[in-house]
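In what follows, a structure is listed as structure tokens, so that the remarks can point back to it.
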Amino acid sequence: MIYEVRQTRRFSRQYKKLHDNIAADVDAAVEKIAENPDVGDRKKGDLAQLLVFKFRSQGQLYLLGYTLEQEVRLIYLEAVGPHENFYRDLKREI
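Under the numbering used here, the first residue of the sequence shown carries the number 1458, and numbering increases by one thereafter.
Here it is as structure tokens:
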């Protein structure tokens, strides 16, 4: 069963700044996550609640961070962006 997906304000701001080609790849990644939320890697330490799905777009590695609420079958998209400084920026905002 597919999970319901919701965007945080941070994610929607980052998504709006993406080029159309990259946004299409993000949409495909979100569909994969909605079908199987365990596809991402769980982080440790400060970001222990976060799961991260890695994908390539335009020859560059992008990360999609999300949190999961199993009881209500809900996925919150937290952040998206290139690998460079992804975790540093996310720690700063959380």
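We put the beta carbon where it would ideally sit given N, CA and C, even for glycine.
Rounded C-alpha distance that separates residue i from residue j
i       : j       : result
Arg1470 : Arg1549 : 16 Å
Thr1524 : Ile1551 : 12 Å
Leu1521 : Leu1508 : 8 Å
Tyr1533 : Val1462 : 6 Å
Lys1511 : Gln1527 : 21 Å
Buried/exposed call for residue i, threshold 16 Cβ in 10 Å
i       : result
Pro1539 : exposed
Glu1535 : buried
Val1486 : The sequence shown places Ala at residue 1486, not Val. By the neighbour-count rule (16 or more Cβ atoms within 10 Å), Ala1486 is buried.
Three-state class that DSSP yields for residue i in the structure shown
i       : result
Gln1517 : strand
Tyr1460 : coil
Asn1490 : Per the sequence shown, residue 1490 should be read as Ile rather than Asn. Three-state DSSP puts Ile1490 in a helix.
Ala1505 : coil
Glu1535 : strand
Lys1511 : strand
Integer-rounded CB distance, given that residue j should sit under 8 Å from residue i
i       : j       : result
Leu1504 : Tyr1544 : 7 Å
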